[in-house]
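Participant: Have a look at this one.
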Amino acid sequence: REHVNKPTENPFIRPQIVTEIKFLRTFTAWCNSHLRKAGTQIENIEEDFRDGLKLMLLLEVISGERLAKPERGKMRVHKISNVNKALDFIASKGVKLVSIGAEEIVDGNAKMTLGMIWTIILRFAIQDISVEETSAKEGLLLWCQRKTAPYKNVNIQNFHISWKDGLGFCALIHRHRPELIDYGKLRKDDPMTNLNTAFDVAEKYLDIPKMLDAEDIISTLRPDEKAVMTYVSCYYHAFSGKQKAETAANRICKVLAVNQENEQLMEDYEKLASDLLEWIRRTIPWLENRMPENTMQAMQQKLEDFRDYRRLHKPPKVQEKCQLEINFNTLQTKLRLSNRPAFMPSEGKMVSDINNAWGNLEGAEKGYEEWLLNEIRRLERLDHLAEKFRQKAAIHEAWTEGKEDMLQKRDYETASLSEIKALLKKHEAFESDLAAHQDRVEQIAAIAQELNELDYYDSPSVNARCQRICDQWDTLGALTQKRSEALQRTEKLLETIDQLYLEFAKRAAPFNNWMEGAMEDLQDTFIVHTIEEIQGLSTAHEQFKATLPEADKERLAILGIHNEIAKIVQTYHVNMAGTNPYTTINPQEINAKWDKVRQLVPQRDQALIEEHARQQNNERLRRQFANQANVIGPWIQTKMEEIGRISIEMHGTLEDQLTHLRQYEKSIVNYKPKIDQLEGDHQLIQEALIFDNKHTNYTMEHIRVGWEQLLTTIARTINEIENQILTRDAKGISQDQLNEFRASFNHFDRDHSGTLGAEEFKACLISLGFDIANDAQKRTGIMDAEDFKTCLISMGYNLGENEFSRIMSIVDPNRMGIVTFQAFIDFMSRETADTDTADQVMASFKVLAGDKNYILADELRRELPPDQAEYCIARMAPYTGPDAVPGALDYMSFSTALYGESDL
34 REHVNKPTEN
44 PFIRPQIVTE
54 IKFLRTFTAW
64 CNSHLRKAGT
74 QIENIEEDFR
84 DGLKLMLLLE
94 VISGERLAKP
104 ERGKMRVHKI
114 SNVNKALDFI
124 ASKGVKLVSI
134 GAEEIVDGNA
144 KMTLGMIWTI
154 ILRFAIQDIS
164 VEETSAKEGL
174 LLWCQRKTAP
184 YKNVNIQNFH
194 ISWKDGLGFC
204 ALIHRHRPEL
214 IDYGKLRKDD
224 PMTNLNTAFD
234 VAEKYLDIPK
244 MLDAEDIIST
254 LRPDEKAVMT
264 YVSCYYHAFS
274 GKQKAETAAN
284 RICKVLAVNQ
294 ENEQLMEDYE
304 KLASDLLEWI
314 RRTIPWLENR
324 MPENTMQAMQ
334 QKLEDFRDYR
344 RLHKPPKVQE
354 KCQLEINFNT
364 LQTKLRLSNR
374 PAFMPSEGKM
384 VSDINNAWGN
394 LEGAEKGYEE
404 WLLNEIRRLE
414 RLDHLAEKFR
424 QKAAIHEAWT
434 EGKEDMLQKR
444 DYETASLSEI
454 KALLKKHEAF
464 ESDLAAHQDR
474 VEQIAAIAQE
484 LNELDYYDSP
494 SVNARCQRIC
504 DQWDTLGALT
514 QKRSEALQRT
524 EKLLETIDQL
534 YLEFAKRAAP
544 FNNWMEGAME
554 DLQDTFIVHT
564 IEEIQGLSTA
574 HEQFKATLPE
584 ADKERLAILG
594 IHNEIAKIVQ
604 TYHVNMAGTN
614 PYTTINPQEI
624 NAKWDKVRQL
634 VPQRDQALIE
644 EHARQQNNER
654 LRRQFANQAN
664 VIGPWIQTKM
674 EEIGRISIEM
684 HGTLEDQLTH
694 LRQYEKSIVN
704 YKPKIDQLEG
714 DHQLIQEALI
724 FDNKHTNYTM
734 EHIRVGWEQL
744 LTTIARTINE
754 IENQILTRDA
764 KGISQDQLNE
774 FRASFNHFDR
784 DHSGTLGAEE
794 FKACLISLGF
804 DIANDAQKRT
814 GIMDAEDFKT
824 CLISMGYNLG
834 ENEFSRIMSI
844 VDPNRMGIVT
854 FQAFIDFMSR
864 ETADTDTADQ
874 VMASFKVLAG
884 DKNYILADEL
894 RRELPPDQAE
904 YCIARMAPYT
914 GPDAVPGALD
924 YMSFSTALYG
934 ESDL
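In structure tokens:
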């Protein structure tokens with residue numbers, strides 16, 4: 034800036050400078066370094082600029098601008114015109130030339146020509162240098178000092194003697210290209226080697242011509258400042274361009290690294306979602322299989338397999354589902370922070386799809402468990418009924434054995450009158466006995482019917498046996514009727530009857546039937562599920578035992594009748610052939626059955642005592658489970674509420690909240706042994722076939738679901754806080770801003786659900802001073818209509834549906850109708866922070882391409898790391914513009930695709 038609007042004096046008017054040949058070498062090399070870009074050069078600086086053509090070409094190359102069209106004639110007037118055009122262009126750049134005219138240049142005046150070249154160097158190579166608000170010479174000197182500061186024996190204070198030892202030039206090269214010079218081997222006392230090393234390396238690798246001579250610099254007490262400044266400015270321009278390319282490459286590397294990381298996260302999500310959905314798809318058919326088993330053992334094995342599924346197979350999948358949701362939320366947060374579009378999983382693999390599939394799995398699981406328990410109850414009932422059927426059928430078959438033969442006898446045809454009388458009475462007793470057995474036959478038929486209704490596996494054999502009993506019963510009824518008629522026809526012929534035998538028969542038959550019924554009842558199996566039921570059976574048994582003394586009196590009375598008969602027979606020598614003609618029951622049989630009844634009573638006592646002990650143990654298991662469940666259930670609910678309060682309250686920084694939540698998570702994980710203990714108690718209850726528990730409203734299913742929800746909630750809440758920290762750090766949002774966002778969110782989250790509805794979200798935006806108006810239609814939030822209208826007018830906002838729909842598409846991409854706090858924070862962060870854009874990335878690629886509209890693969894491989902260069906080459910489309918060359922790649926469409934503005 035010191036040269037703008039200030040006359041430039043010609044330093045070469047002094048005679049001592051004109052003789053210095055080094056200026057010719059330095060300035061000639063400087064001019065040729067630029068003219069080579071146009072495919073030409075000069076040999077003699079005094080002669081080759083005389084016609085003005087190469088002078089104008091030099092100015093066009095170094096300025097990047099087009100000058101007026103030159104004159105192509107050979108006459109002096111044409112040359113003067115060209116030189117004047119060049120001088121006018123220099124003057125247009127704010128430089129006032131003094132003592133330099135076109136005629137002197139055309140005449141080959143060395144003083145004027147060198148002065149003009151120095152003026153051009155000052156204006157175009159040095160004046161635009163700017164370092165920390167210093168420019169031109171001071172800026173170039175400050176740049177040299179900064180770059181050489183770390184190097185020993187280098188102290189740049191000027192542009193003459195500070196460069197004599199050559200270490201300054203070598204330090205500049207080593208600072209930017211350390212692979213070109215081994216700086217540690219250089220010595221301050223060997224300036225010739227140092228200077229030649231720097232000049233040779235600069236010419237070979239940096240395209241900076243040798244403008245200085247090492248011998249001249251060493252032999253001169255004070256090297257010329259202008260020559261050194263000219264040469265050093267070439268270093269500045271060479272390395273500053275390299276710095277821009279590195280900056281552009283770093284920006285592209287950063288953007289590509291983010292994109293590659295996001296793509297990997299998307300692939301991981303897709304694989305994890307596919308594996309989880311496939312496991313659910315394979316598991317649900319197994320849980321929906323309702324093929325019943327025929328035995329309790331087989332159903333118990335199915336129940337054990339189901340327990341293994343609950344303990345071993347499902348918990349890892351619960352963790353995978355929770356991790357999947359965490360990965361999805363983290364990915365969406367990173368995409369928002371990097372200004373990328375939201376990730377949309379493949380069809381059928383959305384988080385909502387996985388939640389629906391998981392819900393179907395839990396529904397099938399619940400139905401399967403209920404079916405298993407119902408089947409076990411059914412099989413237990415069937416086994417009990419089948420055993421009861423067999424016992425009653427066996428007793429009945431034993432009773433009917435021989436009855437058909439007895440009823441078909443024709444003994445009454447040859448019997449005496451007394452015998453006929455006896456046969457008739459005997460038949461009457463049999464009919465009484467037959468009527469008493471009618472109830473047993475009906476019970477057998479009812480049990481068989483119930484077994485059929487419960488789909489007993491051996492129903493055919495039960496039905497066949499029941500049919501035989503019923504058929505036999507019908508036959509007995511018919512035969513009884515037939516024999517009765519026959520005896521009644523003969524009764525008129527028979528008048529004598531022994532009343533004692535008859536009385537014995539009449540009293541012995543019901544007593545015998547009572548004993549058979551008592552034996553049947555005492556041997557009858559029972560099934561109970563509660564203390565009350567077994568107590569009822571015990572009470573009935575005690576009532577039965579209270580009737581035994583009266584029954585014993587009846588037995589003694591019946592035996593007394595028999596004794597009386599024996600006494601009469603013995604006294605009167607009656608020939609009775611030793612049998613009672615009216616009944617087959619004899620005293621020995623009565624005594625035997627009575628002894629059997631007395632023997633079965635203590636056995637029944639023992640069975641009831643054992644069953645009572647079992648029911649007491651079952652009651653203990655119920656209470657043991659209920660005592661734990663009544664503590665664990667409320668504990669889980671309390672923890673859920675505490676986590677909810679932590680997530681909506683603003684106590685401390687996000688880090689404090691995260692620390693608090695992790696402490697909660699640790700305490701929750703430490704609670705797991707109590708859940709496992711409860712699972713063990715629940716297994717004991719199921720093994721004991723206990724199906725209800727009046728001491729608690731909590732089932733193991735409730736506890737499991739609550740525990741899984743608690744683990745998922747604490748993990749999701751921690752993930753939300755981590756994402757808020759990630760958003761805050763990435764966007765530069767202060768803690769006060771986050772507190773303001775949280776306070777506004779909590780104010781409108783009136784149901785404390787952690788989400789906002791669409792209208793609640795709109796009201797929240799308004800409370801933060803956000804203007805989303807673009808049409809005349811107004812809609813209210815969750816306030817009262819008049820209050821909300823007054824609020825809008827007082828704040829100057831007009832909520833438009835179109836703008837609000839656009840914002841909702843950002844914060845609720847899945848269109849679920851709710852806005853989470855994380856989505857709300859991400860939206861507010863995007864509105865208050867700046868991020869990389871497609872235009873910025875496009876501008877960076879343009880720097881690497883040298884201002885071309887396309888870029889080549891070799892340029893990408895030269896400027897970018899290998900993996901990211903190949904990433905770009907594989908995804909960039911061919912460039913098809915009018916200036917395209919073979920292998921040209923379209924970096925513009927690639928940049929827009931990185932930000933979702935087109936397809937990648």
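Throughout the sequence shown, residue numbering follows my numbering, covering 34 to 937 in sequence. Cβ atoms here follow ideal geometry from the backbone N, Cα and C, with glycine treated the same way.
1. So, for Q333: in the same chain, excluding its five sequence neighbours on each side, which residues have a beta-carbon less than 8 Å away from its beta-carbon?
2. Is it the case that the Cβ atoms of A541 and I642 are separated by a distance below 8 Å?
3. In three-state DSSP terms, what is D140?
4. When the Cβ atoms of the segment 877-896 are set against those of the segment 909-928, are three or more pairs found closer than 8 Å?
5. If you follow the beta strand (DSSP E) that G97 is part of, which residue opens it and which one closes it?
6. So for I888, helix, strand or coil by DSSP?
7. Alpha carbon to alpha carbon, how far is F192 from I154?
8. Inspect the beta-carbon positions of N322 and L364 and report whether they are closer than 8 Å.
9. Return the residue from the list G920, K197, Q901 that minimises the CA-CA distance to A290.
10. Using DSSP's beta-bridge definition, name the partner residues of A910.
11. Give the DSSP bridge partners of L364, in chain order.
12. Counting C-beta neighbours from all protein chains within 10 Å, is the total for K170 16 or more, i.e. buried, or is it exposed?
13. Is I567 helix, strand or coil when you go by DSSP?
14. With a cut-off of 8 Å, do at least 3 Cβ pairs link the segment 74-82 to the segment 101-111?
15. Provide the residue(s) that pair with T788 in DSSP beta bridges, ordered along the chain.
16. Quick check on the DSSP output: the alpha helix (DSSP H) that includes H346 runs from which residue to which?
17. Please report the residue range of the alpha helix (DSSP H) in which K539 lies.
18. Please work out which residues of its chain come closer than 6 Å, Cβ to Cβ, to V351, disregarding the five sequence neighbours upstream and downstream, and give them in chain order.
19. When the Cα atoms are used, what is the spatial distance from A748 to I851?
20. Is Y268 closer than 8 Å to L205 when the C-beta atoms are compared?
21. Going along the chain, which unbroken runs of the alpha helix (DSSP H) with 4 or more residues stay wholly within the segment 238-298?
22. Once you ignore the five residues that flank R894 on each side, which residues in its own chain have a CB closer than 6 Å to its CB?
23. If H313 sits next to W391, beta carbons under 8 Å apart, how far is it from one beta carbon to the other, in whole angstroms?
24. Among residues of its own chain, excluding the 5 on either side of I95, which ones have a beta-carbon nearer than 6 Å to its beta-carbon?
25. Under the rule that 16 or more other beta-carbon atoms within 10 Å means buried, what is G201, buried or exposed?
26. May I ask you to verify whether the segment 544-553 touches the segment 617-631, counting CB pairs closer than 8 Å and requiring at least 3?
27. Compare the beta carbon distance of T152 and V116 with 8 Å and say whether it is the shorter of the two.
28. Could you give the DSSP three-state label for F724: helix, strand or coil?
29. Do L245 and Y216 have their C-beta atoms within less than 8 Å of each other?
30. With H, G and I counted as helix, E and B as strand and the rest as coil, what does DSSP make of R210?
31. Using the beta-carbon count (16 or more within 10 Å), is V918 buried or exposed?
32. Since E464 and T513 are thought to touch, with beta carbons under 8 Å apart, how far apart are those beta carbons, to the nearest angstrom?
33. Is it the case that the Cβ atoms of L533 and I623 are separated by a distance below 8 Å?
34. Quick check on this structure: which residue in E402, M377, M383, M329 has the alpha carbon closest to the alpha carbon of I317?
35. Just checking, does the segment 430-437 make contact with the segment 577-587 on the three C-beta pairs under 8 Å criterion?
36. Going by other Cβ atoms of all chains shown within 10 Å of its Cβ, with 16 needed for buried, is K705 buried or exposed?
Facilitator: Concretely, from the data shown:
1. By the criterion of a C-beta distance shorter than 8 Å, Q333 is surrounded in its chain by I409, once the five residues flanking it on both sides are discounted.
2. Going by C-beta atoms, A541 is not nearer than 8 Å to I642.
3. D140 falls in the coil class under three-state DSSP.
4. The way I'd put it, the segment 877-896 does touch the segment 909-928; three or more beta-carbon pairs between them come closer than 8 Å.
5. For G97, there is no enclosing beta strand (DSSP E), as DSSP gives it neither H nor E.
6. Note: I888 maps to strand in three-state DSSP.
7. Cα to Cα, the separation comes out at about 15 Å.
8. Their beta carbons are not under 8 Å apart, which means N322 does not touch L364 by this criterion.
9. The shortest C-alpha separation from A290 is found at Q901.
10. Partner(s): D923.
11. In the DSSP output, where bridge partners are listed per residue, L364 has none listed.
12. It counts as buried.
13. Helix, per DSSP.
14. Output reads no: the segment 101-111 does not touch the segment 74-82.
15. When beta bridges are read from the DSSP output, T788 appears opposite T853.
16. Premise fails: H346 is in no alpha helix (DSSP H) and is neither H nor E.
17. It spans 532-556 - the alpha helix (DSSP H) in which K539 sits, taken as one unbroken run.
18. Short of 6 Å from the beta carbon of V351, and not among the five residues preceding or following it, lie these beta carbons of its own chain, in chain order: E741.
19. C-alpha separation (whole angstroms): 21 Å.
20. Closer than 8 Å, so yes.
21. Runs found: 247-252.
22. The beta carbon of R894 sits closer than 6 Å to those of A902, all from its chain and outside the five residues before and after it, given in chain order.
23. Residue 313 is actually Ile in this sequence, not His. Indeed they touch by this definition, with Cβ atoms about 7 Å apart.
24. So the qualifying residues of the chain are H67, F157.
25. Classification of G201: buried, given that the 10 Å Cβ count is 16 or more.
26. Output reads yes: the segment 617-631 touches the segment 544-553.
27. Contact flag unset, no.
28. If DSSP states are grouped into helix, strand and coil, F724 belongs with coil.
29. No.
30. It is coil, neither helix nor strand.
31. When all chains shown are included, V918 counts as exposed.
32. Yes, they are in contact, since the Cβ atoms of E464 and T513 sit about 6 Å apart, within 8 Å.
33. No, the Cβ-Cβ distance between L533 and I623 is not below 8 Å.
34. Of the candidates E402, M377, M383, M329, E402 places its Cα closest to the Cα of I317.
35. By the C-beta criterion, the segment 430-437 is judged not to be in contact with the segment 577-587, since fewer than 3 inter-stretch pairs fall below 8 Å.
36. Result: exposed.
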